[in-house]
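Visitor:
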Amino acid sequence: MTCARFVSLISLGIFLLAVTALAAPPTLMNFQGILTDGSGSPLPSVSKSVDFTIYDGPGSGANAVWGPETRTVNTDANGRFSIILGQLSPITESVFSGSERYLGIKVEADSEIVPRARITTAGYAHRISTVDGATGGTITGDVTLQSGLLADRVWLGTSVQDGEILIENGDGAIGIHLTGLLGEGGYGSMHDEEGNYTIEMGPWDGSGEGVIYVYGDEYGSSGIGLAGDLSGTDNPGFVLAGADNWTMFDMSMSGDETVDLPDSAISSPEIKDEPGIATNLNSNIETLPYGGPMMDLLTVSMTTPAGGYVVVEGKCYVRLYGYAGENLGFIQIDTLSGGDAVYPWYQLAGSDGFPNTLGYYFPIYVTRTYYSDTATSYTFILEGEQFATDTLARASSWDHMLTATFYPSSYGSVVSAVASDQTSHFQSIVPIPQRQTKGITASASRQMYTVDLRELELKAANARAEAEKAQKELLQAKFKAQLEKNRTSISKPEQKQ
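Note that our numbering has the sequence shown beginning at 898, numbered continuously upward.
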């Protein structure tokens, strides 16, 4: 006669797998024992046919709820054996639906071993399969998920129904609401102590864009909104809504319509690189030097905040007297002291011959435009000189005024004149016919060219755009690399079946 002495009954890995995947849990149980003869001595290295049955009670009147499952048991040198039950007849969760279960063991033709072995907690782990099809229930106390994997995950919902989490705030109102909307995507909201919305986020029309709204009041009439695609053109938008004013950024628009700010939201001092002015005045009477070089009459300095244009305007009066013949006065704007009058920058006053030696007065206005693609410090000079055919001729000037105005941008052509050594900066140049004026030296009458200074502005703008593009591409590459690193460090969840 042989018998089996019970050693242990365990069920491993069932709860873990039931949480990490929604498929039914394993329908197996691991059983270990020692096979002995009638005197209790182990039966080493034998094969025996054994019937295993699970009952709902320990006595003869108990009902079999599973089995018998007949299996061949192979012992080791010490009579021990291990076998997995349920491979022929699955052990479903209904087997453990009662309060007590017992395992009956029968070796070949022998009668069932008495007493039956009571199945304790490990076997009842099969009941975890009710999570797959549970219709509801209540858990009292804390629940901790610790899968031992890289991350603990909970699957809610299926391919045909929404998953949803509702968290109360302790006052009987919903504090947090998370759900997967069938046909739409994920949605979440947070609420105050009365259940009013405070934050809401989710898909925008179910088309791949996201939206977040932070409520400023319980009705949502004020707050902050951010949409990944505000107008259906793959352009984001941002709304800052107050009780009386709104601010909106819509990247699908262009120009001024991109940003909508409240009236008078930005004052002039707050505008970056806005136009600015510098001016100076000299009312003294200055005697213009006979035959040159140019004399400084007045200066004005300016440091521009960025690249842009500076329009310089000068005015004064010139008085010519003392000689009845030819007497000329030249006034111009420059950034270098000395030198001679340069066409077309100078303004000429005088005559080839005056009827007498009395004084004759001429109002003078001169202007010149400069451009630099970076912030620049300038000193502009209003300067003058005299030319006459006799040293008795005199020339003076007074009431000098010099004004420099900075403009950050142009709205059309900015035509000016440059010398031949500056033409390499421009694509389009037109020679200016030379004007030979008495008193102007050959060097001062050098060839000048008409150009459009706006070419320099556009060239600088293109260079900035290329630099910004390169910086943007670098940041995007770094961002993508970081995202890829994050994805690599997080294991991909198994797909629900």
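In this text, a Cβ means the ideal position worked out from N, Cα and C, and glycines have one as well.
Given the structure is predicted, the values throughout are model-derived calculations rather than measurements.
Among CYS1213, ASP1114 and GLN1283, which residue has its Cα nearest to the Cα of PRO1186?
Guide: By 1-based counting over the sequence shown, the position of residue 1186 is 289. Distance from the Cα of PRO1186 is smallest, within the candidate group CYS1213, ASP1114 and GLN1283, for GLN1283.
Visitor: Quick check: what's the CA-CA separation for MET1298 versus ALA1203?
Guide: Taking the first residue of the sequence shown as position 1, residue 1298 is located at position 401. Taking the first residue of the sequence shown as position 1, residue 1203 is located at position 306. Separation of MET1298 and ALA1203 (C-alpha to C-alpha, rounded to the nearest whole angstrom) is 25 angstroms.
Visitor: Looking only at its chain, what residues have a beta carbon closer than 7 angstroms to the beta carbon of PRO1241, apart from the 5 residues adjacent to it on each side?
Guide: Translated into positions along the sequence shown, residue 1241 becomes position 344. Result list for PRO1241: ALA1314, ILE1329 and MET1345, in chain order.
Visitor: From the DSSP output, in three-state form, read off ARG1343 for me.
Guide: For the purposes of this step, residue 1343 is taken as the residue at position 446 of the sequence shown. Looking at ARG1343 - three-state DSSP - the assignment turns out to be coil, as it is neither helix nor strand.
Visitor: Candidates GLY976, ALA959 and GLY964: which alpha carbon is nearest LYS945's?
Guide: As a first step, residue 945 must be located in the sequence shown, where it is residue number 48. Checked all of GLY976, ALA959 and GLY964; the closest Cα to LYS945 is GLY976.
Visitor: State the beta-bridge partners of ALA1138 as determined by DSSP.
Guide: In the sequence shown, counting from the first residue as 1, residue 1138 sits at position 241. BP columns for ALA1138 point to GLY1120 and TRP1143.
Visitor: According to DSSP, is PRO941 part of a helix, a strand, or is it coil?
Guide: For the purposes of this step, residue 941 is identified with residue 44 of the sequence shown, where counting begins at 1. Of the three classes helix, strand and coil, the one that applies to PRO941 here is coil, per DSSP.
Visitor: Exposed or buried, what is SER996 when buried is set at 16 or more other beta-carbons lying within 10 Å of its beta-carbon?
Guide: Position 99 of the sequence shown, counted from the first residue, corresponds to residue 996. Classification for SER996: exposed.
Visitor: Three or more C-beta pairs closer than 8 angstroms, one from the region 925-936 and one from the region 974-994: is that the case here?
Guide: At 8 angstroms Cβ cutoff, the stretches touch.
Visitor: Can you tell me the Cα-Cα spacing of VAL992 and TRP963, whole angstroms?
Guide: For the purposes of this step, residue 992 is taken as residue 95 along the sequence shown, with counting starting at 1. For the purposes of this step, residue 963 is taken as residue 66 along the sequence shown, with counting starting at 1. Roughly 7 angstroms between the two C-alpha positions.
Visitor: So for THR1015, helix, strand or coil by DSSP?
Guide: Taking the first residue of the sequence shown as position 1, residue 1015 is located at position 118. Looking at the sequence itself, residue 1015 is Arg, so the reference to Thr does not match. If DSSP states are grouped into helix, strand and coil, ARG1015 belongs with the strands.
Visitor: Within 10 Å of its beta-carbon, does GLU1065 have 16 or more other beta-carbons around it, so buried, or fewer, so exposed?
Guide: Here residue 1065 refers to the residue found at position 168 of the sequence shown. Per the 10 Å Cβ criterion, exposed.
Visitor: So for LEU1185, helix, strand or coil by DSSP?
Guide: Start at 1 with the first residue of the sequence shown, and residue 1185 comes out as number 288. Coil, per DSSP.
Visitor: Determine the direct distance from the alpha carbon of SER1198 to that of GLY1205, and round the result to whole angstroms.
Guide: For the purposes of this step, residue 1205 is identified with residue 308 of the sequence shown, where counting begins at 1. For the purposes of this step, residue 1198 is identified with residue 301 of the sequence shown, where counting begins at 1. Near 16 angstroms, if we compare the C-alpha coordinates of SER1198 and GLY1205.
Visitor: GLY1189: buried (16+ other C-beta within 10 angstroms of its C-beta) or exposed?
Guide: Numbered from 1 along the sequence shown, position 292 holds the residue referred to as residue 1189. Buried, because 16 or more other Cβ atoms sit within 10 Å of the Cβ of GLY1189.
Visitor: Runs of 3 residues minimum, wholly inside the region 1176-1251: which ones carry the beta strand (DSSP E) assignment?
Guide: 1192-1200, 1205-1218, 1224-1231 and 1244-1248
Visitor: Could you tell me the alpha carbon to alpha carbon distance between GLN1229 and ASN1359, rounded to whole angstroms?
Guide: Here residue 1229 is taken as the residue at index 332 of the sequence shown, counted from 1. Here residue 1359 is taken as the residue at index 462 of the sequence shown, counted from 1. Distance between the alpha carbons of GLN1229 and ASN1359 is about 33 angstroms.
Visitor: Buried or exposed: which applies to GLU1363, given that a residue is buried once 16 or more other Cβ atoms fall within 10 Å of its Cβ?
Guide: Along the sequence shown, read from residue 1 onward, the residue named residue 1363 stands at position 466. Burial call: exposed.
Visitor: Find the nearest neighbour of TYR1262 within the set SER1274, LEU1255 and TYR1243, judged by alpha-carbon distance.
Guide: Numbered from 1 along the sequence shown, position 365 holds the residue referred to as residue 1262. The option with the nearest alpha carbon to TYR1262 is TYR1243.
Visitor: Skipping 5 residues on each side, what residues in its chain have a beta carbon closer than 7 angstroms to that of ILE1002?
Guide: Taking the sequence shown and counting its residues from 1, one reaches residue 1002 at position 105. Around ILE1002, the same chain offers ALA901, VAL947, PHE949, GLU1009 and ILE1010 as residues with beta carbons nearer than 7 angstroms, after the five sequence neighbours per side are excluded.
Visitor: State buried or exposed for LEU985, treating a residue as buried only when at least 16 other CB atoms are found within 10 Å of its CB.
Guide: Within the sequence shown, residue 985 is the residue found at index 88, counting from 1. By the neighbour-count rule (16 or more Cβ atoms within 10 Å), LEU985 is not buried but exposed.
Visitor: Enumerate in chain order the residues of its own chain whose CB-to-CB distance from ASN1177 is below 7 angstroms, with the five nearest sequence positions on each side excluded.
Guide: Position 280 of the sequence shown, counted from the first residue, corresponds to residue 1177. Excluding sequence neighbours, ASN1177 sits near LEU1195, THR1196, VAL1197 and LEU1299.
Visitor: Given a threshold of 16 other Cβ atoms within 10 Å of its Cβ, counted over all protein chains shown, does ASP1160 qualify as buried or as exposed?
Guide: Taking the sequence shown and counting its residues from 1, the one referred to as residue 1160 is at position 263. When all chains shown are included, ASP1160 counts as exposed.
Visitor: At a cut of 8 angstroms, does the region 1128-1145 reach the region 1271-1279 through at least three beta carbon pairs?
Guide: no
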